[in-house]
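Numbering (the working numbering), first residue to last: 41 to 153. Here a beta-carbon is modelled for each residue, glycine too, at the ideal position from N, C-alpha and C. Let me begin by presenting the structure, written as structure tokens, before commenting on it.
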DNA sequence: TGATTGACCAACT
DNA sequence: CAGTTGGCCAATC
């Protein structure tokens, strides 16, 4: 069915983020469609727990590399722990060397519809 | 049906 | 540099 929900599109992109890399809400939004609202990506992450597949929501942060969604994980520091498990350093709720670890969907993906 | 709300962002002051 | 503003648009009330 070519009429997938917005959430499912976001979840698909989020699922493509490689281990040890991160991206931003806005990057996903602009990849899905240039005018799409980054806020909606946040909504999709908020609802990502309802997906049947597991979504690496911890690999999605805001444009400055800050863990703005940390409070939506079970424990306030769970998001940081998940990132550190992948070798990503987090200091003061911000990803260290975010610019280098940033993974832009538009540079690696071709939206399949 | 209309108003409000966001895990956001860019532009502006 | 910090703070404000408008835009974005699906979900929720």
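Output the boundary residues of the alpha helix (DSSP H) element that contains residue i.
| i | result |
| --- | --- |
| residue 148 | 145-148 |
| residue 139 | 138-141 |
| residue 70 | 65-72 |
| residue 125 | 118-125 |
| residue 53 | 46-55 |
| residue 132 | Residue 132 -> no alpha helix (DSSP H), and no H or E assigned at all. |
Cα-Cα, which of the options is closest to residue i?
| i | options | result |
| --- | --- | --- |
| residue 65 | 121, 57, 82 and 73 | 82 |
| residue 86 | 61, 113 and 92 | 113 |
| residue 105 | 133, 59 and 54 | 133 |
| residue 77 | 46, 54 and 91 | 46 |
| residue 107 | 91, 63, 145 and 143 | 63 |
| residue 59 | 73, 141, 111 and 135 | 141 |
| residue 57 | 101, 136 and 111 | 101 |
Which term fits residue i, buried or exposed, when burial requires 16 or more other beta carbons within 10 angstroms of its beta carbon?
| i | result |
| --- | --- |
| residue 98 | buried |
| residue 71 | buried |
| residue 121 | exposed |
| residue 42 | Annotation note: pLDDT 35 at residue 42 (below 50); position unreliable, no value reported. |
| residue 130 | buried |
If you draw a straight line from the alpha carbon of residue i to that of residue j, how long is it in whole angstroms?
| i | j | result |
| --- | --- | --- |
| residue 128 | residue 93 | 23 Å |
| residue 149 | residue 117 | 30 Å |
| residue 115 | residue 67 | 26 Å |
| residue 109 | residue 69 | 16 Å |
| residue 48 | residue 91 | 8 Å |
Quick one: what's residue i bridged to in DSSP?
| i | result |
| --- | --- |
| residue 101 | 64 |
| residue 106 | 134 |
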